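In terms of my numbering, the sequence shown opens at residue 31 and continues consecutively. What follows is a set of notes on a single structure, which appears directly below.
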Amino acid sequence: MNPKVILVVEDEPRVLASIKQGLEEEGYRVLTATNAADAMQESLDLTPDLAILDIGLPGGVNGLQLIGLLRQKFPSLPILMLTALGTNYDVVRGLDAGADDYMVKPFNFAELMARTRSLLRRGSLAPITEEIQVADLVIYTAARKVTRAGKEISLTTKEYDLLFFLVRNRDRVVTRREIAEVVWQLKFDTGTNVIDVYVNYLRNKIDKGYDVKLIHTVVGVGYILSEEPRK
Ligand code: CA
């Protein structure tokens, strides 16, 4: 099997070298760049399976803008962003720009590897099929029916739409803004707590009483549906 190709864009040489070495030890093929122009050049010949991007980059095009450029060329490329800024605002902007996940520097290397594996497994958005399964939760899309551990769960229309959106984006952090736009067709209104209220309704129905929790809060950002626990 050909090794998965990972594009890493980071302008701090020591950080770049250590990420490259770590990924290569895991058997990945690594393309490196220290700015956006080089990143686009590097991905001309070999299509990356995943991009890991620092947000603060020199050369006039930052990591947030690079997300857009890469997305134009590779619409389903999973993107993990690294941010040293650590403010929720930048994380939200990055996720809104199309990043799938993020880590705040300095990060734990084992966690970076775990996120990398998770994003590569997911590849692109799960296709709309008749049945989507996450752990013991099953969504029968044609019938809009949901079961957990074989037991049917009755959901309202909005609860189902919210769950479907979270499941289609499984293992990816979704922002409240994305949820508002997609599920409610609303321009985001910071004054509303409707999303948190509905997420709680949904949790009570699909997670309450089960050992494995599927819906996780990402404080200040949004939510993620995953069978893997999140710190
Ligand atoms: Ca940087």
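Cβ coordinates follow ideal geometry from the N, Cα and C atoms, glycine included. Nothing here was measured: the structure is a model prediction, and the numbers come from that model.
Query	Result
Segments assigned alpha helix (DSSP H), at least 4 residues, entirely inside the stretch 126 to 177	139 to 152
Near ligand 1: Glu141 beta-carbon under 7 angstroms from a heavy atom	no
Per DSSP, cross-strand counterpart(s) of Val60	Ile36
Stretch-stretch touch, CB-based, cutoff 8 angstroms, three pairs: the stretch 83 to 93 with the stretch 53 to 67	yes
Backbone secondary structure at Leu80 - three-state DSSP	strand
Ligand 1 heavy atom lying under 7 angstroms from the CB of Gly86	yes
Minimum C-alpha distance to Glu211 - residue among Val224, Arg202 and Arg200	Val224
Proximity test, Asp41 beta-carbon vs ligand 1 heavy atom, cut-off 7 angstroms	yes
Beta-carbon proximity list for Gly239, same chain, < 8 angstroms, skipping 5 on both sides	none
Nearest-angstrom Cα separation, counted from Met70 out to Lys103	9 angstroms
For Leu100 and Glu72, the rounded distance between their alpha carbons	12 angstroms
4-residue-minimum alpha helix (DSSP H) runs that sit fully inside the stretch 68 to 112, ordered along the chain	93 to 103
Outcome for Leu232 when other beta-carbon atoms lying within 10 angstroms are tallied against a minimum of 16	buried
Spatial neighbours of Arg178 in its chain, beta-carbon cut-off 7 angstroms, leaving aside the 5 residues before and after	Asp166, Leu167, Ile236 and Tyr240
Segment contact flag, the stretch 38 to 46 with the stretch 76 to 83, C-beta cutoff 8 angstroms, min 3 pairs	yes
Through-space distance from Tyr190 to Asp120, alpha-carbon basis	30 angstroms
Where Thr146 falls, given that 16 or more other Cβ within 10 Å makes a residue buried	buried
Opening and closing residue of the alpha helix (DSSP H) in which Gly52 lies	Pro43 to Glu55
Cα-Cα separation, Phe137 to Asn32	28 angstroms
Separation of Gly124 from Val248, as counted between CA atoms	14 angstroms
Through-space distance from Ile169 to Glu182, alpha-carbon basis	10 angstroms
Rounded straight-line distance, which links the Cα of Phe195 to that of Arg229	This sequence places Val at residue 229; Arg is not what is there. The alpha-carbon atoms of Val229 and Phe195 are separated by roughly 12 angstroms.
Tyr240: first and last residue of the uninterrupted alpha helix (DSSP H) it sits in	Neither: Tyr240 is in no alpha helix (DSSP H) and is coded neither H nor E.
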